[in-house]
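These notes are about the structure you will find just below.
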Amino acid sequence: MSPLKSDEYPAIFNDYIETVTGDVMVELNDQLTTFPEFIASIREDQGTYKYAEDKWSIKEVLCHILDAERIMTYRALRFGRNDMTALASFEQDEFVANGRHDERKLEDIAQEFYHLRKANLYLFESFDETELARKGMASDRLISVRAFLYIIAGHLNHHVVILKTRYLKDQNNNNDLA
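The sequence shown runs contiguously to residue 178 in UniProt numbering.
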């Protein structure tokens, strides 16, 4: 796969994309196992923990990652298949507010991620260089199919850092996070 170029994505995604330091396909494949392992390291009683009243819970963050991957993959599929219909943005707070994520088990979230990512990898691996280079408008921004792969990997990386530093930093010292 050709390297990602700065004209393939809007600057708003820089923070995500910069977390992907090697081959994006290797990173996406590595996350297939490392992310479910990370979820498994979280105790079920920690799943509804919020580090501040106005923040999402751990389970809500995890399910937000799933929702965003679905949406970004859908966008990549549309543009990869040369459907240049402009695609609307999504309201992440509404998705979380209406997802009933705190009712879910962490193990189920990990399994769902695994199967979702596995299916998405088949799609991503099917794209050739022409399809990866195609661009379309999503959320009023011009973006390439290749950029979506970096955004998906980087978005997950971004939220894992937040989970580790803001939610789970006292995991070993405090058994009453929930």
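No residue lacks a Cβ here, since even glycine has one placed at the ideal position from N, Cα and C. Please read these numbers as outputs of a predicted model, since none were measured by experiment.
Of the residues L62, P36, V145, L163, the one placed nearest V96, counting alpha carbons only
It is L62 whose Cα lies nearest to the Cα of V96.
C-beta atoms of F148 and M72 nearer than 8 Å:
In terms of Cβ geometry, F148 and M72 form a close pair [threshold 8 Å].
What residues match up with S144 in a beta bridge as DSSP calls it?
Looking at the DSSP output, S144 sits in a beta bridge with K135.
Just to confirm before moving on: does the CB-CB distance between H115 and Y16 stay below 8 Å?
Cβ atoms of H115 and Y16: not closer than 8 Å.
Distance check for K169 and R134, CA to CA, integer angstroms please.
Rounded to whole angstroms, R134 to K169 spans 41 Å at the Cα level.
Might you give, ordered along the chain, the residues of its own chain that have their beta carbon closer than 8 Å to the beta carbon of T48, omitting 5 neighbours on each side?
Same-chain partners within the cutoff: S57, I58, K59, D102, A178.
Measuring straight from C-alpha to C-alpha, what distance separates E112 and F79?
Linking E112 to F79 through their CA atoms gives a straight-line distance of about 25 Å.
Considering only their Cβ atoms, is the gap separating E44 from L106 smaller than 8 Å?
In this structure, E44 lies closer than 8 Å to L106 by Cβ.
Assigned exposure category for N120 - 16 Cβ within 10 Å defines buried:
By the neighbour-count rule (16 or more Cβ atoms within 10 Å), N120 is buried.
If you scan the stretch 44–111 from start to end, which runs of the alpha helix (DSSP H) of 4 or more residues do you find wholly inside it?
Complete alpha helix (DSSP H) runs here, min 4: 58–80, 92–97.
Under three-state DSSP, which class holds K164?
In the displayed model, K164 falls within a helix according to three-state DSSP.
Can the beta-carbon of A138 be found less than 8 Å from the beta-carbon of L87?
It is a contact, given that the beta carbons lie within the stated cut-off.
Start and end of the alpha helix (DSSP H) containing A11?
No alpha helix (DSSP H) contains A11, which DSSP labels as neither H nor E.
Using CA coordinates, which residue listed in K164, I152, Y167, R166 is at the minimum distance from E18?
Of the candidates K164, I152, Y167, R166, the one whose C-alpha sits nearest the C-alpha of E18 is I152.
Coarse secondary structure for G154, derived from DSSP in three states
When secondary structure is reduced to three states using DSSP, G154 falls in the helix class.
Around the C-beta of Y167, are 16 or more other C-beta atoms found within 10 angstroms, so that it is buried, or is it exposed?
The residue is buried, with at least 16 neighbouring Cβ atoms inside 10 Å.
Within 8 Å, strictly: CB atoms of R141 and L132
Going by C-beta atoms, R141 is not nearer than 8 Å to L132.
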